[in-house]
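A short write-up of the structure that comes next.
Numbering (my numbering), first residue to last: 625 to 824.
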């Protein structure tokens with residue numbers, strides 16, 4: 625059996641202010657870093673000895689890894705970056721709700737429709753699944769992947785399509801995620817990370 629730990633990065637200014645942030649490479653906020661350090665003391669994060677450690681290469685992911693595990697070696701895989709929101713990056717709904725391009729995207733099939741200057745949900749899904757599958761098939765180790773909410777939702781939705789959860793219900797809170805157990809390269813069960821509670 626192999627385990628894959630999927631961990632969402634800590635809070636940033638964008639998450640605190642409800643801004644679209646995918647491709648913009650911002651750091652953790654001071655509150656976000658402090659929250660992770662507190663969680664490290666009080667929550668049961670998995671032992672990653674023997675794991676291959678991977679991040680998206682974004683600052684917020686790398687800083688989350690350091691806050692929770694210290695200075696450990698990691699592989700950066702850009703295929704695991706968050707969706708690129710293009711012209712909507714670092715802007716809020718309140719700023720965008722009068723923009724015709726935004727209204728067309730948000731009220732239409734925004735999985736298929738590309739953000740101006742960015743990518744579509746389908747493009748992000750295909751990219752992140754391809755990156756994960758290449759990584760998983762290239763090694764036999766357990767994995768710790770520090771990445772983004774949209775990527776984690778995409779992976780979990782793909783792993784457990786009959787779960788009764790939709791894409792958005794899979795999104796973990798900052799500093800949290802899932803541990804997925806694989807048997808013969810198939811996802812069999814999951815628990816909430818940290819702490820191992822819930823799941824199936």
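Note that CB positions come from ideal geometry on N, CA and C, so glycine has one too.
By the C-beta criterion, the segment 806-813 is judged not to be in contact with the segment 705-715, since fewer than 3 inter-stretch pairs fall below 8 Å. Distance from residue 779 to residue 756 at the Cβ level is roughly 6 Å; contact confirmed, criterion being Cβ atoms closer than 8 Å.
A Cβ-Cβ distance of about 3 Å is found for the pair residue 681 and residue 700, placing them in contact under the 8 Å criterion. One Cα belongs to residue 652, the other to residue 627, and the distance between them is close to 27 Å. Here residue 811 carries a strand assignment [DSSP, helix/strand/coil].
Less than 8 Å divides the Cβ of residue 713 from the Cβ of residue 647. Pairing residue 683 with residue 650 gives a Cβ-Cβ distance under 8 Å.
Using a Cβ-Cβ distance cut-off of 8 Å, the segment 795-804 and the segment 655-671 are in contact, since at least three pairs of beta carbons, one from each stretch, lie closer than that value. According to the DSSP assignment, residue 775 belongs to the alpha helix (DSSP H) that extends over 773-783. Look at residue 650 here: in three-state DSSP terms it is coil, with no helix or strand label. No Cβ-Cβ contact shorter than 8 Å links residue 671 with residue 679. At least 8 Å separates the beta-carbon of residue 723 from that of residue 818.
Take residue 754, set aside five residues on each side of it, and the residues of its chain with a beta-carbon closer than 7 Å to its own are 703, in chain order. Going by C-alpha positions, residue 715 is about 24 Å away from residue 751. Per DSSP, residue 690 lies in no beta strand (DSSP E) segment; the continuous alpha helix (DSSP H) that holds it begins and ends at 683-693. The DSSP assignment places 676-679 as complete runs of the beta strand (DSSP E) inside the segment 657-682, in order along the chain (cut-off: 3 residues).
Residue 720: member of the alpha helix (DSSP H) spanning 717-720, first to last residue. Bridge pairing for residue 699: 678 [DSSP].
In the structure shown, residue 710 adopts helical secondary structure according to DSSP, grouped into three states. Following the DSSP letters along the chain, one finds residue 631 in no alpha helix (DSSP H) but inside the beta strand (DSSP E) bounded by residues 626-632.
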